[in-house]
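Following: one structure in structure tokens, then a few remarks.
In full-length UniProt numbering, the protein residues as written are 1 to 225.
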């Protein structure tokens, strides 16, 4: 039986608005196992990004519990949570968020170096699979959008995270590049045994994942992954 990487139980989050309290996440529960991928879909403003931020420990829930590989995020101090996130979660963003003053190689190695967990063989595999070998000494501004997102994927996977959270990872790319990059992301996540949760508004991208979770008015309609 595959290892259970992510368990979310009765998660709730609301924000105060000028016209009242907005319930963004309302009693959400789901589970994911190692090597599986799930797409998180829903209309703009449905709470997809908020749910990813909750799972990453970047935002605190009003109620509910989140376990990553058996570790309860709610029991951690801010410092312990930041350390856990750095070691065990890979984050991929729509706007890439590369460090523009670092060369590609240094961007790829950043998280693994911070964790003192650089694995040259694993790193070389990512660079080859993502076709970045000729780009390593360049700066991000010298790359295309698709190449920058590949660097972001390599950085997110280089420290061998248990869980990968991707927020609209291909939203800034054209359709052909989007298809290629998303396929590589799913392939690499499955190959490394990480669970992958992707927030996306793209139905074609969502359908490439093992499961699709749909957020509507703060509630989740989904199968178990």
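The C-beta atom is built at its ideal place from N, Cα and C for all residues, glycine as well.
This one's a predicted model, so the numbers in the text were calculated from it and none came from an experiment.
Asked: Assign residue 224 to one of three DSSP states: helix, strand, or coil.; Found: Unreliable positioning characterises residue 224 in this predicted model, as indicated by a pLDDT of 43, which lies under 50. The coordinate reading is nonetheless provided below. In this structure, residue 224 counts as coil in the three-state DSSP scheme.
Asked: With DSSP collapsed to three states, give me the class of residue 36.; Found: coil
Asked: Hey, residue 230 and residue 170: beta-carbon distance below 8 Å or not?; Found: Look at the range of the chain in this structure, 1 to 225, and you will see that residue 230 is not part of it.
Asked: Under a three-way DSSP split, which group does residue 26 fall into?; Found: strand
Asked: Per DSSP, residue 198 forms a beta bridge with which residues?; Found: 39 and 166
Asked: Hey, out of 117, 150, 119 and 141, whose CA is closest to residue 133's CA?; Found: 150
Asked: When the Cβ atoms of the region 76 to 91 are set against those of the region 28 to 37, are three or more pairs found closer than 8 Å?; Found: no
Asked: Taking the alpha carbon of residue 126 as the point to measure from, which residue in 139, 116 and 112 has its own alpha carbon closest?; Found: 112
Asked: Take every Cβ of the region 184 to 199, pair it with every Cβ of the region 151 to 163, and state whether three or more of those distances are shorter than 8 Å.; Found: yes
Asked: Relative to the C-alpha of residue 180, which residue among 5, 25, 110 and 131 is closest?; Found: 131
Asked: Strictly under 8 Å for the Cβ-Cβ distance: is residue 85 near chain C by that measure?; Found: As a matter of chain content, chain C is missing from the structure shown, which is built from one protein chain.
Asked: For residue 214, report the span of its beta strand (DSSP E) as first-last.; Found: 211 to 216
Asked: Can you check DSSP and say which residues form a bridge with residue 13?; Found: 25
Asked: Going by Cα to Cα distance, which pick from 145, 109 and 121 is closest to residue 96?; Found: 145
Asked: For residue 93, does the three-state DSSP call read helix, strand or coil?; Found: strand
Asked: Secondary structure at residue 110, three-state DSSP: helix, strand or coil?; Found: helix
Asked: Which one of 92, 49 and 12 has the shortest CA to CA distance from residue 156?; Found: 92
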